[in-house]
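Chains as they are written, first to last, in my numbering: chain A, 221 to 731; chain B, 32 to 437. Don't be surprised by glycine CBs; every beta carbon is placed ideally from N, CA and C. The block underneath contains the structure these notes are about, expressed in structure tokens.
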């Protein structure tokens, strides 16, 4: 076919937004039939680069050249880039949950016979495509009945239906569990063999290390480094170093906890799924946390970690069946979130944008929102107290913002998370439940959050940290519970645990 | 531009509508040869629109929680009719009749709130049902005949504040007192804010900006005091206007300064996040709907008082005027955004349009067309501004350094 070993060359790409230079003179060269990883901190310009490539930002709105398959491309929209053979799979899945797999795959490109949709042909092709991505379900299955991992596969099948040559995956595994992630990476290897080049944007260095043939690191809108690697032998620290522009000697801060009395104790906690009758999402869960101790919960996506935490937090999720909570030795009945907060429990949800924040609110309003009693003067909210409180947290947590009156939607992920943490620290809790506190946050901000968690423990608070990232748990917490299908399957001291021993307990029920 | 910003505060968008309102009043005044800015016209403007503005207060809160209440017109009509009926048929004291009307408002609100908060049926459907039901009930119990209202109610619907004290002031002294209270209160709060402004953020606002603001607002209050106070003998600032004024202050405080107010915005902005912050979402829904229907009853009482009789068609389409006021005032259809004061400005824009077009002799048909267009344009302008992040009309007229960069 084409002699050119490069399928894609992006030369001197510069893209400016009003007041900001998002990309400056970025170069990207992607070899045919390879897996090319792009990494960089949040806001480094990865997504902007991909939007330039796929025509979201039309030709003319940026400077530089795109050469794809030996020809210079001037995409005016996504449709044109798709026709050329470039497809993007976005971080957020874009399928319609109420429609079937077939309908979603051919959405916008319906096959027709004399003006009507040719369902038989569409279904036949869908079956073929699903086989290619290794998904064995009926093509008539509705998207909403598929798991996230399976939905991702359907997205890829959709891309394949358009004769894609270059597939861009933007953080493809961010919502997947370990199994599905491994599955997806395997599929990418398979695609490579079938002559489809993949570009993967990812924060997960272990995945990048496992499958990449080449790595490009972008920082502050510029290409920092780009080199070929051998899959499986990638130096992760080298990538981190060029991503943050400084070497992070230790990704996790040093810390020694001084656990005191047990202040939070859960016994035989049982919760039923609110949608499926008879299905228990928590089965006889019992655990305890000491004051000043950081306890981790390890479990795969769907294991029931979040469900357990939310049901403990004033029965915010599920139907309570049985079990007791003891706070500082006294049994309490927390039947509402309000009661949970009053009793000194705080819960930082996993899904920051949908559950953690009201994106319309300002920073100061958000910080006081869970404990407005504290800023009352004569029964009315006191804006001076509100300002004082939020300024205090802005300083203490180093929230980067113009002033505390600006909207939380203007902040980066890391700073948003700091605002959410401030909001819960303002309730002066004894027990802090953090559900994936570092999700979608870049390396530098993660370090700050870890340090904050340690400080909270030093103040004598009981901290519970739920995380899918095992290295993070091992690096930050003191003791780890593993959870599988709603049951707690193991308890290990972090110092004695390693990833394998945890993973074993996260996938098998202890008999 | 910087000067204006310092005086009016950072958020200029909310002043777009105020400016539009001022321009509207001046333009109508010129076209109608000065018939707009007269005592009697403004007295009528206020007492004739107080009921819609009162509805808009409750509607703002309903829209902020992301719902809508279509039943307010029917509920206002029903409450007014029951009040007139019990007073007329059973010879009840007017005060008892008013209490019964308010209780009916609360009950209907509880009914609407129950379906929304406990059963999760969207407010649109719930209140569409109530709208039909209560319109039907009004016609049913009145048998399509108007019922005379107790005379005492006229005071609330169309009365004026009493005349007292020395005559040398040249105006109604109650109105004068109200104006003075307004100016003093404004100066007090401004100075208090000024005193506290530097304490935490370290940036004290300049004194001259505070003074300019005080002079500006005081002049406006003084002008309207004069306008309302120097009308015909026996007229003054109207009682329904006074009731509205008190309600505006009360609801401004409720929405901005209480936990319940914050809960309303939290539920409208992100229901799940609010629930996880300890907000009782269904209670917030319930109370907001209940409050709306009670205000509808208040509006119904004032209207009956003004028109001296309760009619079977009272309240028809009031919900539409209330909803329009809220949206012209910049509230978001998706909830979470909107303020009481902006809603009042939105409502006044509608009222002044109505009034001005009437003074010009434009027919009711054409007035409807113009009002519809204004609603659409106002909201479109707001949405467009939010999308592009561009400044409002004022921002356009006086581009600052920040906006120039964009």
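Assign residue i to one of three DSSP states: helix, strand, or coil.
i	result
residue 699(A)	strand
residue 346(A)	helix
residue 513(A)	coil
residue 417(A)	strand
residue 646(A)	coil
residue 508(A)	strand
residue 713(A)	strand
residue 219(B)	helix
residue 237(A)	strand
residue 582(A)	strand
residue 301(A)	helix
residue 120(B)	helix
residue 308(B)	coil
residue 565(A)	strand
residue 63(B)	coil
Given that a residue counts as buried once 16 or more other Cβ atoms are within 10 Å of its Cβ, and exposed if not, what is residue i?
i	result
residue 732(A)	With chain A running from 221 to 731 in the structure shown, residue 732(A) is simply not present.
residue 219(B)	exposed
residue 397(A)	buried
residue 163(B)	exposed
residue 327(A)	exposed
residue 420(A)	buried
residue 394(B)	exposed
residue 341(A)	exposed
residue 250(B)	exposed
residue 408(A)	buried
residue 481(A)	exposed
residue 124(B)	exposed
residue 57(B)	exposed
residue 385(B)	buried
residue 713(A)	exposed
residue 408(B)	exposed
residue 306(B)	buried
Suppose you measure from the CA of residue i to the CA of residue j; what does that come to, to the nearest Å?
i	j	result
residue 448(B)	residue 247(B)	Only positions 32 to 437 of chain B appear in the structure, and residue 448(B) is not among them; the question remains open.
residue 143(B)	residue 350(B)	15 Å
residue 81(B)	residue 403(B)	20 Å
residue 406(B)	residue 392(B)	21 Å
residue 397(B)	residue 265(A)	54 Å
residue 443(A)	residue 385(A)	24 Å
residue 211(B)	residue 666(A)	57 Å
residue 288(A)	residue 225(A)	11 Å
residue 219(A)	residue 347(A)	Look at the range of chain A in this structure, 221 to 731, and you will see that residue 219(A) is not part of it.
residue 519(A)	residue 527(A)	12 Å
residue 550(A)	residue 511(A)	15 Å
residue 597(A)	residue 589(A)	16 Å
residue 445(A)	residue 268(A)	18 Å
residue 354(A)	residue 414(A)	14 Å
residue 185(B)	residue 411(B)	40 Å
residue 222(B)	residue 326(B)	33 Å
residue 540(A)	residue 146(B)	25 Å
Are there any heavy atoms of the ligand ADP lying less than 7 Å away from the beta-carbon of residue i, as far as the coordinates show?
i	result
residue 362(A)	This structure lacks the ligand ADP; in fact it carries no ligand of any kind.
What residues from chain C crowd round residue i, counting only those whose CB sits closer than 8 Å?
i	result
residue 619(A)	Structure shown: chain C not included; protein chains present are A and B.
Item to complete: Kindly confirm or deny that the stretch 614-628 of chain A and the stretch 306-322 of chain B touch, where touching means at least three C-beta pairs closer than 8 Å.
Response: no
Worksheet item: Counting pairs of Cβ atoms below 8 Å between the stretch 233-248 of chain A and the stretch 276-288 of chain A, do you hit three or more?
Response: yes
Worksheet entry | alpha helix (DSSP H) segments (min. 4 residues) lying fully within the stretch 249-305 of chain B | 270-288 and 290-300
Practice prompt. Give, in chain order, every unbroken run of the beta strand (DSSP E) that is at least 3 residues long and sits entirely within the stretch 388-463 of chain A.
Written response: 417-421, 434-439 and 442-448
Item to complete: Could you tell me whether the stretch 377-390 of chain A touches the stretch 305-317 of chain A, where touching means 3 or more Cβ pairs closer than 8 Å?
Response: yes
Worksheet item: Taking one C-beta from the stretch 373-392 of chain B and one from the stretch 86-98 of chain B each time, how about it: are there three or more such pairs within less than 8 Å?
Response: yes
Discussion item. Is it the case that the stretch 570-589 of chain A contacts the stretch 317-330 of chain B, given that we only count it when at least three CB pairs across the two stretches are under 8 Å?
Written reply: no
Item to complete: Count the CB pairs spanning the stretch 629-645 of chain A and the stretch 659-674 of chain A that are closer than 8 Å, and state whether there are at least three.
Response: yes
Worksheet entry | Segment contact, 8 Å Cβ cut-off, at least three pairs: the stretch 167-182 of chain B with the stretch 112-130 of chain B | yes
Discussion item. Using a Cβ distance threshold of 8 Å, determine whether the stretch 433-449 of chain A contacts the stretch 640-649 of chain A, with at least three qualifying pairs required.
Written reply: no
Worksheet item: What alpha helix (DSSP H) runs, 4 residues minimum, are completely inside the stretch 582-634 of chain A?
Response: 583-588 and 603-616
Worksheet entry | 3 or more residues per run - each beta strand (DSSP E) lying fully within the stretch 242-294 of chain A | 255-259 and 283-288
Discussion item. Assess contact between the stretch 186-194 of chain B and the stretch 258-276 of chain B, defined as three or more Cβ pairs (one per stretch) separated by less than 8 Å. Is contact present?
Written reply: yes
Worksheet item: Should the stretch 535-551 of chain A be called in touch with the stretch 275-290 of chain B, which here means at least 3 C-beta pairs below 8 Å?
Response: no
Item to complete: Please specify which runs of the beta strand (DSSP E), each continuous and at least 3 residues long, are wholly inside the stretch 113-195 of chain B, giving them in chain order.
Response: none
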